[in-house]
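One structure is given below, encoded as structure tokens.
Pasting the structure below:
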């Protein structure tokens, strides 16, 4: 476990040491994690996308030639130049006191298309964009909106370093033992407070497990450069994979220690 900036911490890892990355970077302009230099609080959308592209470029060095990345990213709407996010009575953790201005060319209430904007930039940077998975949430959190459908899905991209990569097509099967389709119905999991706090955006363990079962081998190394609450790391440990987690927020690094410590060994390095 490394507590520090993802771009810097990746430099501590050996070249071609990681088989699979499963990660969900902080979404742009959605939450304030109350830490300096946090991803997602960038002043502009282009700064946010460029920062992630630079970090992914560093991932290429540590990823094996047959390695893959599972990238989960949710979309957001423009602020209409409102410089705050009002509390949503159905999702209070989304309130923000500072929000960036609406990107050029977009209008108030526009859906921005952040996941695909990033995916296309990564494709331009040399990554292979292999699949778009729709993570359907049957128990999606309600929203206080009356002029559009409530969002009940997020996007998960399968990205590879090269044309050929490790993929176990039989590791996970869909209904009736068919090959896995691109719509995955996986319920969200309730926030489970751990002594000392919790995380407002927890990836379901079932989602992380599925990704790892498909594209990682036993005893291979799994990396999450935006570890958050540590779900990817827990899934890796349960499946017998080695793991490395990177998290900028010291409070969340502590949370990961508490979540993971009971089920295995862990060493934490804190970058200054």
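In this note's numbering, the protein residues as written are 17 to 288.
Just so you know, even glycine gets a beta-carbon here, dropped at the ideal spot from N, CA and C.
Note that this is a predicted model, so its numbers are computed, not measured.
Sequence-distant residues of the same chain with beta carbon closer than 6 angstroms to residue i, five excluded per side
i	result
residue 248	38, 224 and 240
residue 29	78
residue 286	19
residue 212	Low per-residue confidence applies at residue 212: pLDDT is 49, beneath 50, and the placement is therefore not dependable enough to give any value.
Rounded Cβ spacing between residue i and residue j (contact assumed at less than 8 angstroms)
i	j	result
residue 90	residue 170	5 angstroms
residue 218	residue 138	Not confirmed; about 25 angstroms, so no contact.
residue 230	residue 183	6 angstroms
residue 271	residue 246	7 angstroms
residue 116	residue 33	Not confirmed; about 36 angstroms, so no contact.
Buried or exposed (CB count within 10 angstroms, at least 16 for buried), residue i
i	result
residue 35	buried
residue 199	exposed
residue 266	exposed
residue 177	buried
residue 269	buried
residue 160	exposed
residue 81	exposed
residue 84	buried
residue 164	exposed
residue 21	buried
Beta-carbon contacts of residue i that lie in its chain and below 7 angstroms, excluding the five residues immediately before and after
i	result
residue 31	77 and 78
residue 232	35, 36, 238 and 257
residue 148	171, 173 and 198
Whether residue i touches residue j by CB criterion (8 angstroms)
i	j	result
residue 221	residue 205	yes
residue 24	residue 88	no
residue 203	residue 153	yes
residue 142	residue 74	no
residue 128	residue 92	yes
residue 175	residue 146	yes
Paired residues, beta bridge with residue i - DSSP
i	result
residue 258	237
residue 37	85 and 239
residue 144	176
residue 77	According to DSSP, which records beta bridges pairwise, residue 77 is partnered with nothing at all.
residue 171	89 and 150
residue 226	Bridge partners of residue 226: none, in fact.
residue 69	Per DSSP, none; premise fails for residue 69.
residue 263	19
Any non-hydrogen atom of the ligand ADP closer than 7 angstroms to residue i Cβ
i	result
residue 127	What this structure holds is no ligand at all, so the ligand ADP is not there to describe.
Beta-carbon proximity list for residue i, same chain, < 8 angstroms, skipping 5 on both sides
i	result
residue 259	237, 238, 239, 240, 248, 249, 252 and 253
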